[in-house]
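Taking it in order: structure first as structure tokens, then the write-up.
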Amino acid sequence: MAKAKGKSFAVLTNGLIKENPVLRLVLGTCPTLAVTTMAKNAIGMGIAATFVLLGSNIVISLIRKIVPNKVRIPVFITVIAGFTTIVQMLLHAYAQDIYRELGIFIPLIVVNCIILARAEMFACKNSVGLSILDALGMGAGFTLALLIMGSIREILGAGTWFGLPLTKDIFDPAVLMILPPGGFLAFGFIIAAINKFSALKIRNKEIASGCGLNCPGCSASGSNGGDPS
1218 MAKAKGKSFA
1228 VLTNGLIKEN
1238 PVLRLVLGTC
1248 PTLAVTTMAK
1258 NAIGMGIAAT
1268 FVLLGSNIVI
1278 SLIRKIVPNK
1288 VRIPVFITVI
1298 AGFTTIVQML
1308 LHAYAQDIYR
1318 ELGIFIPLIV
1328 VNCIILARAE
1338 MFACKNSVGL
1348 SILDALGMGA
1358 GFTLALLIMG
1368 SIREILGAGT
1378 WFGLPLTKDI
1388 FDPAVLMILP
1398 PGGFLAFGFI
1408 IAAINKFSAL
1418 KIRNKEIASG
1428 CGLNCPGCSA
1438 SGSNGGDPS
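And the structure:
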């Protein structure tokens, strides 16, 4: 029982940081760069993609044993397209502001590589319960990445956050940040910061445990009390 709970928790939290689809796996960069000019748009896209991911994971997990292997990809895309259409209709009916802001990127959820990747790599190989947890975790990770990007770009580029004035009286907004080059700039800095943090974490872990490779100039060499020579 404890082992099952541990696996479920790992599946749920995996997509948040360790295998964040945007910040670690660098998937779904097209909507990440395109819709993150405002934090509100980022949340809207994140929720929409999470809904499609959740629905498609459930259905694909349910039918995984009856779908022939040769046609699984067309079947997966058809399922994803069905849920994307539902999301598009709901946004058009009840959230027209978000619908207009996201525009073409709503139907493009069909070809979002994050959703197809989870269908192919996880949902078609695991139970419905685990597939739901995987969808929620990956969806939350995707939404979190979009929110970080959207917040940085909106604060620096417009001086607002979720439309509320924030830094207009402190400094003049850098309009570049809400333009396409600003998206690449923000994304590059975020990825660089994460990679740097990961490298430091690995290095500190090696120093603490002692590395037996004895690479020249490495402070971890011989830290376990052995003689590097």
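The sequence shown begins at 1218 in the numbering used here and counts up by one.
C-beta: ideal position from N, C-alpha, C; glycine also.
Residue environment, residue i, which counts as buried when at least 16 other CB atoms sit within 10 Å
i       : result
LEU1417 : exposed
CYS1247 : exposed
PRO1285 : exposed
ASN1329 : buried
SER1348 : buried
GLY1400 : buried
Rounded C-alpha distance that separates residue i from residue j
i       : j       : result
ASP1314 : VAL1304 : 14 Å
HIS1309 : ILE1260 : 16 Å
ARG1370 : ALA1251 : 11 Å
GLY1405 : LEU1240 : 10 Å
VAL1288 : ARG1281 : 11 Å
LEU1364 : THR1249 : 9 Å
LEU1396 : LEU1279 : 42 Å
ILE1297 : VAL1392 : 36 Å
THR1384 : TRP1378 : 9 Å
LEU1353 : GLY1320 : 24 Å
PRO1445 : GLU1423 : With a pLDDT of 46 at PRO1445, under the threshold of 50, the predicted position of this residue should be treated as unreliable, and no value is reported.
VAL1228 : LYS1235 : 11 Å
SER1426 : PHE1300 : 48 Å
VAL1327 : TYR1311 : 21 Å
PRO1324 : LYS1257 : 19 Å
PHE1339 : GLY1232 : 12 Å
ALA1409 : SER1415 : 10 Å
Of the residues the options, the one placed nearest residue i, counting alpha carbons only
i       : options                            : result
LEU1402 : MET1366, ILE1275, ALA1336, VAL1327 : MET1366
GLU1337 : VAL1345, ASN1274, ALA1227, MET1262 : ASN1274
ILE1387 : PHE1379, MET1355, ILE1372, PRO1397 : ILE1372
VAL1243 : PHE1359, SER1426, GLY1354          : PHE1359
LYS1224 : THR1254, ASN1237, LEU1350, GLY1299 : LEU1350
GLY1245 : ASN1231, GLY1263, THR1230, ASN1258 : GLY1263
THR1254 : SER1426, PRO1390, SER1348, ILE1411 : PRO1390
PRO1291 : ALA1357, PRO1398, LEU1333, ILE1411 : LEU1333
ILE1283 : LEU1271, TYR1316, CYS1341, THR1267 : CYS1341
Boundaries of the alpha helix (DSSP H) in which residue i is found, first to last residue
i       : result
VAL1288 : That residue, VAL1288, is in no alpha helix (DSSP H); it is neither H nor E in DSSP.
LYS1422 : 1397-1426
THR1246 : 1246-1251
VAL1269 : 1256-1280
ASP1386 : Where ASP1386 is concerned, there is no enclosing alpha helix (DSSP H), given that its DSSP letter is neither H nor E.
ALA1391 : It is not in any alpha helix (DSSP H) - ALA1391 carries neither H nor E in the DSSP assignment.
ARG1370 : 1345-1375
ARG1241 : From DSSP, ARG1241 is part of no alpha helix (DSSP H); its letter is neither H nor E.
ALA1336 : 1330-1338
The ligand MG heavy atom lying under 6 Å from the CB of residue i
i       : result
ILE1315 : Inclusion of the ligand MG in the displayed structure is not the case, the ligand content being empty and no account of it being possible.
Complete runs of the alpha helix (DSSP H) confined to the segment 1296-1327 [at least 4 residues] = With a minimum length of 4 residues, the continuous alpha helix (DSSP H) runs that stay inside the segment 1296-1327 are 1313-1319.
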